[in-house]
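Residue numbers (my numbering), protein chains in the order written: chain A, 126 to 500; chain B, 126 to 500. Idealized CB from N, CA, C, for every residue including glycine. Note that the coordinates shown come from a computational prediction; the quantities given were computed from them, not determined experimentally. A short worksheet on the structure shown next.
2 protein chains.
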Amino acid sequence: MTPGPTPVPPEVLLAQAQPMIHHRTPKFSEILAKASEDLKYIFSTKNDVLTFACSGTGVMESAVVNLFSAGDKVIVCSNGKFGQRFDQLAAAYGLNAISLEYDWDTVVEPADIARELKANPDIKGVLVVQSETSTGVLNDVKAIGEIVKDHQAVLVVDSITGVGAVELRTDDWHLDVVMTGSQKGLMLPPGLACVSVSDKAWAAVEKSTLPKFYFSWTKGRKALAKSTTPFTPPVSLIIGLGEALTMMREEGLEDIIKRHSKLALATRLGAEAMGLKLFAPANGRGSAVTPVWVPENIDGKELVKKMSAKYGITIAGGQEHLAGKIFRIGHLGYFDQFDILTTLAGLEMCLTEMGYGFEAGSGVRAAEEVFMGLK
Amino acid sequence: MTPGPTPVPPEVLLAQAQPMIHHRTPKFSEILAKASEDLKYIFSTKNDVLTFACSGTGVMESAVVNLFSAGDKVIVCSNGKFGQRFDQLAAAYGLNAISLEYDWDTVVEPADIARELKANPDIKGVLVVQSETSTGVLNDVKAIGEIVKDHQAVLVVDSITGVGAVELRTDDWHLDVVMTGSQKGLMLPPGLACVSVSDKAWAAVEKSTLPKFYFSWTKGRKALAKSTTPFTPPVSLIIGLGEALTMMREEGLEDIIKRHSKLALATRLGAEAMGLKLFAPANGRGSAVTPVWVPENIDGKELVKKMSAKYGITIAGGQEHLAGKIFRIGHLGYFDQFDILTTLAGLEMCLTEMGYGFEAGSGVRAAEEVFMGLK
């Protein structure tokens, strides 16, 4: 019950356990081509979606090195650990970053981006996280897309815990670059990351002079046109991706998003019924992960440990300055109602044993009401 | 029967098919720590061995960006496609490369490196491939290590198809940086790559100014000291790595190398008995892959296709200017004598059907003699 790595369906685990095949074969090309088409469906885009053997950070770095040149002015929006990572990447590659920093329990303000774009017509890119894994806060990338679309800047969206969990309309919302990692909504082990690239972004790629090789989108695009990859792809993960995407197509994107909304609502109402306080602001609650304040006089790190050691439920603690202060229940990917009910029940037992005063059963009851369609 | 991806043992496939675990847990840290120790054994080194989610090219790039600065003078030795890749990487990152280029059917001459080092005391690195996957040619990195060890230059060895197949003594031979990929001698799917880094190389890392983030060895080393990784690792591949390394420890490194030598010898003598000509020179024959000239009047691409389509045996063709001119039989990783005998029998049938004149059975007989210990 963490925001990644998320559980992998048995069908996917077994697909990956098939005997190895060579990647320069018609069979592998067919799998890759189909997966790439299915990714477009999941990303709601007509743009090419490239895949890389790397973690989410790798594909974030690929955006920086493919789109920009040293000294380029960019806006980096940061209201959590992964917004900060964009800042670190911009610094590592010598970009001239205007950092819009926000408290971690607030959303990125689209109006601030509009103001900076107006004040700095030479801005080349806007980097923002849609769903902040570190806090569960959801930023309004639709509103941001509406602002950036008429500017020369390329809009780069880390949707690593967004894709397959929350609404994301890459083309309709004018999102030039959208990224995800395999170990999130795609229900795969970590080790694979994907990125969609718009025509506007490809034009930026043409001008970029930062050095790159392994992460070159141009190499990736050329190879994908021939249903292959520039370098040896992670064959078993791509085969797993094919299987996971088939499952996602069967469920349907709209129903997947609805299921996630329901899981998130049940988790939120369950936590609130137990007297717990939600961390994310009312205007920034995503469906990937629900962050909750640890109640006063309860040791947050101990709570996470106890959930795992005594009840076998892995939830996540807070990161950075929120360590011990919040806990996070992930529900993106291969989850259903009973995962949430189980987790809330485990949480009720842990908190009762740790001396937190509340009516046991209240959290589970509130979640049941959501799943019965009463709320 | 290609030089990668190589077959993955069922034990490893199933280890990877276990339910996903989180990477920030004591259980995962234990697996990572054990695998890192076992990698030192396989690399014959006391140096730290870092792992990255990427292909072999990614880890080659990591060596360039961690060790050097733009304008640094390096020697790049190239007698095949992967030597060329070092040249391309050096160019992408603005290194000042002295390219020692050799015909693909010859070895790198250590004396040439000695000459260049003497003429250019400011050389910062020597980049060389031990086992050229593209041609099967084995370069004498032991002799090169003896030359580079007293110079300030760091010796960088691509042993992507060398590790676990041919003799490799990282520390004894003064190899500062040694790399491999998972889909080779380590018997895993692709998607993971490893690199060992000597103290001399760490000193170079301190001075490097090329931009890096995802591939930062410094971040990797800091995390490894705490039995973790800087970014989300490819959990299933690391679990598979742990299983594969346990199997390799059980067989023992010396016996693994002996097995590969025998497989290679049987393949070579089998091919020669069929009247075929070996591509690799007598002083550069490795045990990872055996390249063979396609006989005159035989269509090399057709041969590779027929082996696969009619007999279900995947061998590799030649790359670049050798496409259609050579074929390559891989035998690194999870292979035994009957894989070679099967392949030679398939080759005999294909060549007979394609009109090549030779005594059918002669190739298999020669290989049997090797396996019986008669040759």
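- In the structure shown, the three-state DSSP call for A/A268 is helix.
- At a C-beta separation below 8 Å, B/A142 has these neighbours in chain A: L138, L139, Q141, A142.
- Along the stretch 283 to 309 of chain B, the positions whose C-beta sits under 8 Å from a C-beta of chain A are G306, Q308, read in chain order.
- Any Cβ of chain B closer than 7 Å to the Cβ of A/T258 would place that residue at the interface, and such an atom is absent.
- Where A/K198 is concerned, the enclosing beta strand (DSSP E) starts and stops at 198 to 203.
- By alpha-carbon distance to A/V262, the top candidate from A/Y459, A/V495, A/S412, A/Q462 is A/S412.
- Distance from the Cα of B/G250 is smallest, within the candidate group B/L366, B/K325, B/E478, for B/K325.
- Scanning the stretch 422 to 463 of chain B from its first residue to its last, the whole alpha helix (DSSP H) runs of 4-plus residues come out as 425 to 436.
- Rounded to whole angstroms, the separation of the alpha carbons of B/Q141 and A/K435 is 26 Å.
- By the beta-carbon neighbour count (other beta carbons within 10 angstroms, threshold 16), A/R490 is exposed.
- Using beta-carbon distances, B/V133 counts as an interface residue toward chain A, with a partner under 7 Å.
- In this chain, B/I248 is not harboured by any beta strand (DSSP E), its DSSP state being neither H nor E.
- For B/E226, the enclosing beta strand (DSSP E) covers residues 221 to 226.
- The beta carbon of B/L293 sits closer than 6 Å to the beta carbons of S284, G287 from its chain, once the five residues preceding and following it are set aside; these are given in chain order.
- In terms of Cα proximity to A/P314, the closest of B/P134, B/M497, B/M145 is B/M145.
- Taking one beta carbon from each stretch, the stretch 271 to 282 of chain A and the stretch 227 to 239 of chain A have 3 or more pairs nearer than 8 Å; the two touch.
- For A/D237, the three-state secondary structure derived from DSSP is helix.
- Secondary structure of B/M479 (DSSP, three-state): coil.
- Counted as a single uninterrupted DSSP element, the alpha helix (DSSP H) harbouring B/T343 occupies residues 342 to 350.
- When Cβ-Cβ separations below 7 Å define contact, A/V419 makes no contact with chain B.
- Taking the Cβ atoms as the reference, B/V137 lies roughly 5 Å from B/E368, within the contact range of under 8 Å.
- For B/S180, the residues of chain A that pass the 7 Å Cβ criterion are A178, F356, T357, in the order they occur in the chain.
- A straight line joining the alpha-carbon of A/K450 with that of A/V419 spans about 5 Å.
- A buried status is given to A/T127, since no fewer than 16 other beta-carbon atoms sit within 10 Å of its beta-carbon.
- Look at A/V414 here: in three-state DSSP terms it is strand.
- Of the candidates B/G365, B/R453, B/N245, B/A441, B/R453 places its Cα closest to the Cα of B/A405.
- For A/L175, the enclosing beta strand (DSSP E) begins and ends at 173 to 177.
- The stretch 330 to 350 of chain B and the stretch 386 to 400 of chain B do not touch, with fewer than three beta-carbon pairs separated by less than 8 Å.
- Residue-level contact by beta carbon holds for B/Y218 and chain A, with a gap shorter than 7 Å.
- The beta carbons of A/E257 and A/N204 sit about 6 Å from each other, so the pair counts as a contact at 8 Å.
- Across the set A/L466, A/N191, A/T131, A/F460, the C-alpha of A/N191 shows the shortest separation from the C-alpha of A/V320.
- Around A/N221, the same chain offers G196, K198 as residues with beta carbons nearer than 6 Å, after the five sequence neighbours per side are excluded.
- Contact of B/G183 with chain A is assigned, a C-beta pair being separated by under 7 Å.
- Here the C-alpha atom of B/K243 lies approximately 49 Å from the C-alpha atom of B/M497.
- Annotated three-state conformation of B/D301 is coil, per DSSP.
- Counting along the chain, A/L317 sits inside no alpha helix (DSSP H), nor does DSSP assign it H or E at all.
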